[in-house]
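Undergrad: Residue numbers for the sequence shown follow numbering that gives the first Met the number 0, beginning at 0 and rising by one.
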Amino acid sequence: MYISELVNEYGRKYSPYTDEVVNHLPMTQLALFRLYEDYDKVKDFTEVYADRIRIEPIIAEYPLVNSIEDTLGKPELYESCLALIKMEIAEKGVDKVVRNILNTYPLGLASDIFHPITRLAYAVEGYKLDKALEEEVARALAYYVTAYREGKVFKREVHGFDILDEMESLVSDPYIKMVRNSRTSVGHKLNALYKDDAYQYKSFVIEGIEENKVRLLLNLILPAFINSNDSVILHCISGLHSVVALRDYFDDFNSILDTMTSFIISHLLTVDKLDFTNGINTLLDFSWRNIISLSRDTTDMHTIKLTYSCSELGKVYDTVGLKKAVKRRIFG
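Here you go:
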């Protein structure tokens, strides 16, 4: 049996939305299979997950809508959106529809703490290996559209060497600290920050070329995660991997990295304690094969996703911080 059959079997039955948490199942299924190529392992995980997590079922009867735009930011219209996207894919093909949605709605990249873009990236990566995952791409796109929440993109450019000082300045700023502390949930903190003109003025993006921007972002978020094991920062890592994986679909990837920089900075500022210090710069004498093997027995969906995203990023940006991040997650 192919992994696409398992992913599609459960994807046809369940919504991306649950009572309490995001439906991580399709992302974890694909990450597990890409890491270990063990169908039985994925099947066992799937059965345990489906029994343990309350996932909303797909609605059989749903309203018809005239356009994808009509479903933007409306989770209750997921099935309606999915029907439209399937028709668009049948007419135009997967690549064209993915490109169109990503370039039409780039301000939704961080919606739902980067889960929709992560599901889409994993689905597209899987589709490139198995065309039967076309319908999982459609589901991921419908999730991306219906979960849509806009973030704000900053304009002030700073040199890469200055980003740590700039970030520390934001963290210690009394006014921004007051805005951050005025709310409790991640979503409410983000809304407060995005609506604040002073925050918009003081925040920044990174000047320079694409590759340097990615490396500099990794140099910022990896130490913060290693020092905290924080789940919001974990999702910043998987979100960054996702846009890198989808880079060929964006008309202006350099601009998209500015968008992601803005969103990552804002998400970092929802975390109570941020520590960007690198610690002791020791070599980690582990290959990726060894790092991946450390995660083999875990059933934690976030550990699986982080291992996959970091290992994929490591193929291009082989910084030791990616391996350290996985070890931090595994061993706590």
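In this text, a Cβ means the ideal position worked out from N, Cα and C, and glycines have one as well.
Below 8 Å CB to CB, which residues in the same chain sit around Y9 once its five sequence neighbours on both sides are set aside?
TA: If you number the sequence shown from 1, residue 9 lands on position 10. Leaving aside the five residues that flank Y9 on each side, the residues in its chain whose CB is nearer than 8 Å to its CB run, in chain order, L24, P25, Q28, T45 and A49.
Undergrad: How many whole angstroms separate the CB atoms of K12 and P56, which I take to be in contact at a CB cut-off of 8 Å?
TA: The count along the sequence shown starts at 1 and reaches residue 12 at position 13. The count along the sequence shown starts at 1 and reaches residue 56 at position 57. Yes, they are in contact, since the Cβ atoms of K12 and P56 sit about 6 Å apart, within 8 Å.
Undergrad: Buried or exposed: where does E90 fall if 16 or more other Cβ atoms within 10 Å of its Cβ makes it buried?
TA: Within the sequence shown, residue 90 is the residue found at index 91, counting from 1. Under this definition E90 is an exposed residue.
Undergrad: Let's see if you can read the secondary structure: which residues bound the beta strand (DSSP E) around T17?
TA: Here residue 17 corresponds to residue number 18 of the sequence shown, with the count starting at 1. Y13 to T17 is the span of the beta strand (DSSP E), which, as asked, contains T17.
Undergrad: Assess contact between the segment 291 to 298 and the segment 190 to 197, defined as three or more Cβ pairs (one per stretch) separated by less than 8 Å. Is contact present?
TA: Judged by Cβ distances under 8 Å, the segment 291 to 298 makes no contact with the segment 190 to 197, as fewer than three pairs qualify.
Undergrad: Assuming I333 and T260 are in contact, meaning their beta carbons sit under 8 Å apart, how far apart are those beta carbons, in whole angstroms?
TA: The first residue shown for the chain is 0 and the last is 331, placing residue 333 beyond what the model contains.
Undergrad: For R33, tell me which candidate among A324, S308 and K323 has the shortest Cα-Cα distance.
TA: To locate residue 33, count along the sequence shown from 1; it is residue 34. Ranking A324, S308 and K323 by Cα distance to R33 puts S308 first.
Undergrad: Here's the rule: buried if 16 or more other CB atoms are within 10 angstroms of the residue's CB, otherwise exposed. What is S3?
TA: Translated into the one-based positions of the sequence shown, residue 3 becomes position 4. The residue in question, S3, is buried, as its Cβ has 16 or more Cβ neighbours within 10 Å.
Undergrad: Is the segment 105 to 124 in contact with the segment 254 to 271, if contact means three or more CB pairs nearer than 8 Å?
TA: yes
Undergrad: I need the boundaries of the beta strand (DSSP E) containing E36, first residue and last residue.
TA: As a first step, residue 36 is located in the sequence shown; it is residue number 37 there, counting from the start. Taken as a continuous stretch (DSSP letters only), E36 belongs to no beta strand (DSSP E), as it is neither H nor E.
Undergrad: Looking at C-beta atoms only, is the number of pairs between the segment 89 to 104 and the segment 228 to 240 that lie closer than 8 Å three or more?
TA: Look at the beta carbons and you see the segment 89 to 104 not touching the segment 228 to 240: under three pairs across the two are nearer than 8 Å.
Undergrad: Could you spell out the range, first to last residue, of the beta strand (DSSP E) harbouring P56?
TA: Numbered from its first residue, the sequence shown carries residue 56 at position 57. Per DSSP, P56 belongs to the beta strand (DSSP E) from I54 to P56.
Undergrad: Do you know offhand how far K272's Cα is from K176's?
TA: By one-based count along the sequence shown, residue 272 stands at place 273. By one-based count along the sequence shown, residue 176 stands at place 177. K272 and K176: Cα-Cα distance of roughly 11 Å.
Undergrad: Excluding sequence positions up to five away, which residues of its chain have a Cβ less than 6 Å from the Cβ of R155?
TA: Taking the sequence shown and counting its residues from 1, one reaches residue 155 at position 156. For R155, the CB contacts under 6 Å within the same chain, skipping 5 residues up- and downstream, are F203 in chain order.
Undergrad: Since I believe P74 is in contact with Y143 (beta carbons under 8 Å), could you give me their beta-carbon distance rounded to a whole number of angstroms?
TA: Translated into the one-based positions of the sequence shown, residue 143 becomes position 144. Translated into the one-based positions of the sequence shown, residue 74 becomes position 75. About 12 Å separates the CB atoms of Y143 and P74; that is not less than 8 Å, and the two are not in contact.
Undergrad: For the alpha helix (DSSP H) that L189 lies in, which residues bound it at each end?
TA: Position 190 of the sequence shown holds residue 189. Element bounds for L189: V185 to Y193.
Undergrad: Starting from T318, follow the alpha helix (DSSP H) in both directions and report where the run begins and ends.
TA: As a working note, residue 318 is residue 319 in the sequence shown. It is not in any alpha helix (DSSP H) - T318 carries neither H nor E in the DSSP assignment.
Undergrad: Output yes or no for whether 9 Å exceeds the beta carbon distance between G107 and G150.
TA: On the sequence shown, position 108 is the one that residue 107 refers to. On the sequence shown, position 151 is the one that residue 150 refers to. Result yes, Cβ atoms of G107 and G150 sit closer than 9 Å.
Undergrad: Kindly provide the ranges of any alpha helix (DSSP H) runs that are 4 or more residues long and lie completely inside the segment 230 to 291, ordered along the chain.
TA: 230 to 244 and 252 to 267
Undergrad: Below 9 Å between beta carbons: does that hold for E135 and Y147?
TA: Counting from one through the sequence shown, the residue named residue 135 turns up at place 136. Counting from one through the sequence shown, the residue named residue 147 turns up at place 148. It is not a contact, given that the beta carbons lie outside the stated cut-off.
Undergrad: With distances taken from CA atoms, which of R51, A59 and Y1 is nearest S14?
TA: Along the sequence shown, read from residue 1 onward, the residue named residue 14 stands at position 15. Closest option to S14, Cα to Cα, is A59.
Undergrad: Put E156 into one of helix, strand or coil per three-state DSSP.
TA: Walking along the sequence shown from the start, residue 156 turns up at place 157. DSSP places E156 in strand when its eight states are reduced to three.
Undergrad: Counting only the same chain and skipping the five closest in sequence on each side, list residues whose C-beta sits under 7 Å from that of C80.
TA: In the sequence shown, the residue the question calls residue 80 occupies position 81. Closer than 7 Å at the Cβ level, and outside the excluded window around C80, lie I67, T70, A141, V144 and T145.
Undergrad: To the nearest angstrom, how far is the alpha carbon of D317 from that of K304?
TA: Residue 317 sits at position 318 when you count from the first residue of the sequence shown. Residue 304 sits at position 305 when you count from the first residue of the sequence shown. Separation of D317 and K304 (C-alpha to C-alpha, rounded to the nearest whole angstrom) is 18 Å.
Undergrad: Looking only at C-alpha atoms, which of K326, T276 and D274 sits nearest to N289?
TA: By one-based count along the sequence shown, residue 289 stands at place 290. Cα-wise, what sits closest to N289 is K326.
Undergrad: Secondary structure at I205, three-state DSSP: helix, strand or coil?
TA: If you number the sequence shown from 1, residue 205 lands on position 206. In this structure, I205 counts as strand in the three-state DSSP scheme.
Undergrad: Just checking: is the beta-carbon of F285 within a distance shorter than 9 Å of some beta-carbon in chain D?
TA: No chain D appears in this structure, which consists of one protein chain only.
Undergrad: Would you give the residue range spanned by the alpha helix (DSSP H) that I67 belongs to?
TA: Translated into positions along the sequence shown, residue 67 becomes position 68. Unbroken run through I67: none, as it is neither H nor E.
Undergrad: So the candidates are A324, P222 and K201; which of them puts its Cα closest to the Cα of T276?
TA: Residue mapping note: residue 276 aligns to position 277 of the sequence shown, counting from 1. If we check each option's Cα against that of T276, P222 comes out closest.
Undergrad: When every heavy atom of the ligand ATP is checked, does at least one fall within less than 8 Å of the C-beta of R138?
TA: As for the ligand ATP, it is missing from this structure, which has no ligand bound.
Undergrad: Give the range of the alpha helix (DSSP H) segment to which N228 is assigned.
TA: The residue labelled residue 228 in the question sits at position 229 within the sequence shown. Counting along the chain, N228 falls outside any alpha helix (DSSP H), and DSSP gives it neither H nor E.
Undergrad: Only counting the same chain, and skipping five residues up and downstream in sequence, which positions put a Cβ closer than 8 Å to that of I225?
TA: Numbered from 1 along the sequence shown, position 226 holds the residue referred to as residue 225. Excluding residues within five positions, the ones whose Cβ falls inside 8 Å are G278, G320, K323, A324 and R327.
Undergrad: Mind checking P105: buried by the 16 CB within 10 Å criterion, or exposed?
TA: Taking the sequence shown and counting its residues from 1, one reaches residue 105 at position 106. Burial call: buried.
Undergrad: Please return the same chain residues whose Cβ sits closer than 6 Å to the Cβ of V157, not counting the five positions on each side in sequence.
TA: Numbered from its first residue, the sequence shown carries residue 157 at position 158. Only E165 and F203 meet the Cβ criterion.
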